[in-house]
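Colleague:
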Amino acid sequence: MIAYYKRELLSYFRSPTGWVAMALYAIISGFFFSSWIPSGGFDLSGEFVFVSGILFIVVPIITMRLFSEEKKTGTDVLMYTASSSLSGIVVAKYLAALTLFLLMNITLLIHMLILLIFGGEINAVTVGSLFGLLLLGAVFIAIGTFASATTENQIIAALLSFTVILLSRFVFIFSEQFRSITVGILSALNVFGISSERIASAGNGVRDAMNWLDPYAKVDDYFIGVFRIQPIIFCVSVIVFFLFLTYRLMEKRRWSQNG
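All you need for the working numbering is the position in the sequence shown, starting with 1, plus 2.
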């Protein structure tokens with residue numbers, strides 16, 4: 003597992019992928035930071051919120067090659083015959099991508115240092131916003147890892163993770179739309195005389211269920227400096243879920259090849 007982790011991490015810097023991702027992240031966050039300073043703003047939480055909104059661009063770049071490249075070149079066969087467990091390989095690749103993401107965020111730590119030099123203050127909101135950003139990144143990298151395992155085409159893998167992550171940004175909008183649709187359908191087909199209150203309650207239930215799956219809503223408290231354990235449990239659960247799906251997909255492919 004450690005060998006796979008090292009190999010995967012180093013591969014980011016032996017190809018343009020890692021450098022492009024780091025440069026893009028630094029340029030976008032740096033642009034926001036440089037435009038914030040002249041206005042007299044010394045609250046980095048705004049930058050962290052902004053950066054969290056562009057993860058749908060950055061994460062696909064990091065994760066698109068994790069499994070799809072090996073499938074395309076045929077080297078995925080080596081994974082199925084390696085001494086390391088397949089689950090260990092999945093975790094190693096995920097951790098390599100996560101490590102690159104953490105390295106990319108050194109840029110934000112530099113911004114925090116500049117903030118301190120110019121008399122700014124690092125408070126709970128700043129720390130919480132950074133933590134929330136890292137937590138979101140960890141979740142989306144797990145989703146991107148699974149997307150990469152579904153296809154041998156890196157572009158398709160990137161588009162899959164891009165779409166899922168982008169849509170997750172607007173769950174709160176979709177949930178309201180589905181609430182309205184649910185209420186409308188139940189009202190139109192109400193042949194059992196269900197009360198309007200129960201219909202409204204059903205619509206609210208659909209909305210709340212969708213909002214419960216919203217990763218951005220889960221970490222909102224961190225962006226206002228409030229620390230709770232529940233968002234961490236939720237995010238870790240999502241990460242484990244998608245890594246498990248990735249493992250099962252690879253396991254199925256291994257058995258099909260052996261057959």
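Yeah, the Cβ is synthetic: ideal placement off N, Cα and C, and Gly gets one too.
Can you tell which of T75, L110 and S203 has the C-alpha that lies nearest to the C-alpha of E154?
Modeller: Along the sequence shown, one-based indexing puts residue 154 at 152. When only C-alpha atoms are compared, the closest one is T75.
Colleague: State the start and end residues of the unbroken alpha helix (DSSP H) segment that holds G121.
Modeller: Indexing the sequence shown from 1 puts residue 121 at position 119. Note, G121: premise wrong, no alpha helix (DSSP H); not H, not E.
Colleague: Pull up the distance between the alpha-carbon of G207 and that of F35, whole angstroms please.
Modeller: The sequence position of residue 207 within the sequence shown is 205, counting from 1. The sequence position of residue 35 within the sequence shown is 33, counting from 1. Rounded to the nearest angstrom, the two C-alpha atoms are 40 Å apart.
Colleague: Given 8 Å as the limit, is there contact between the region 101-116 and the region 197-217, that is, 3 or more CB pairs closer than that?
Modeller: no
Colleague: Would you check if the distance between the CB atom of L342 and the CB atom of A144 is smaller than 8 Å?
Modeller: Since the first residue shown for the chain is 3 and the last is 261, residue 342 is missing from the structure and cannot be characterised.
Colleague: I'd like the span of the alpha helix (DSSP H) that includes R9, first residue to last.
Modeller: Residue 9 sits at position 7 when you count from the first residue of the sequence shown. R9 -> alpha helix (DSSP H) spans I4 to F15.
Colleague: So, are the CB atoms of G146 and P62 less than 8 Å apart?
Modeller: Indexing the sequence shown from 1 puts residue 146 at position 144. Indexing the sequence shown from 1 puts residue 62 at position 60. The beta carbons of G146 and P62 sit closer together than 8 Å.
Colleague: By the 10 Å Cβ neighbour count, where 16 or more other Cβ atoms means buried, how is E123 classified, buried or exposed?
Modeller: One-based indexing of the sequence shown puts residue 123 at position 121. Exposed is the call here.
Colleague: Taking the alpha carbon of T109 as the point to measure from, which residue in V166, M24, I183 and Q156 has its own alpha carbon closest?
Modeller: Your numbering for residue 109 matches position 107 in the sequence shown. The residue with the shortest Cα to Cα distance from T109 is M24.
Colleague: Using beta-carbon positions only, say whether M66 and S150 come within less than 8 Å of one another.
Modeller: Numbered from its first residue, the sequence shown carries residue 66 at position 64. Numbered from its first residue, the sequence shown carries residue 150 at position 148. The answer is yes: Cβ separation under 8 Å.
Colleague: Is it the case that the Cβ atoms of S54 and V127 are separated by a distance below 8 Å?
Modeller: Within the sequence shown, residue 54 is the residue found at index 52, counting from 1. Within the sequence shown, residue 127 is the residue found at index 125, counting from 1. By the CB criterion at 8 Å, S54 and V127 fall outside the cutoff.
Colleague: Count the CB pairs spanning the region 174-181 and the region 93-108 that are closer than 8 Å, and state whether there are at least three.
Modeller: no
Colleague: Could you check the C-alpha separation between D222 and W257 for me, to the nearest Å?
Modeller: Walking along the sequence shown from the start, residue 222 turns up at place 220. Walking along the sequence shown from the start, residue 257 turns up at place 255. Distance between the alpha carbons of D222 and W257: 42 Å.
Colleague: With distances taken from CA atoms, which of L191, I91 and F50 is nearest L68?
Modeller: The residue you call residue 68 lines up with position 66 of the sequence shown. Taking only the C-alpha atoms, the option nearest L68 is I91.
Colleague: Can you tell me whether M66 is helix, strand or coil according to DSSP?
Modeller: If you number the sequence shown from 1, residue 66 lands on position 64. The answer is coil: DSSP assigns M66 none of H, G, I, E or B.
Colleague: Hey, V51 and S131: beta-carbon distance below 8 Å or not?
Modeller: Here residue 51 refers to the residue found at position 49 when the sequence shown is read from its first residue. Here residue 131 refers to the residue found at position 129 when the sequence shown is read from its first residue. Yes, the Cβ-Cβ distance between V51 and S131 is below 8 Å.
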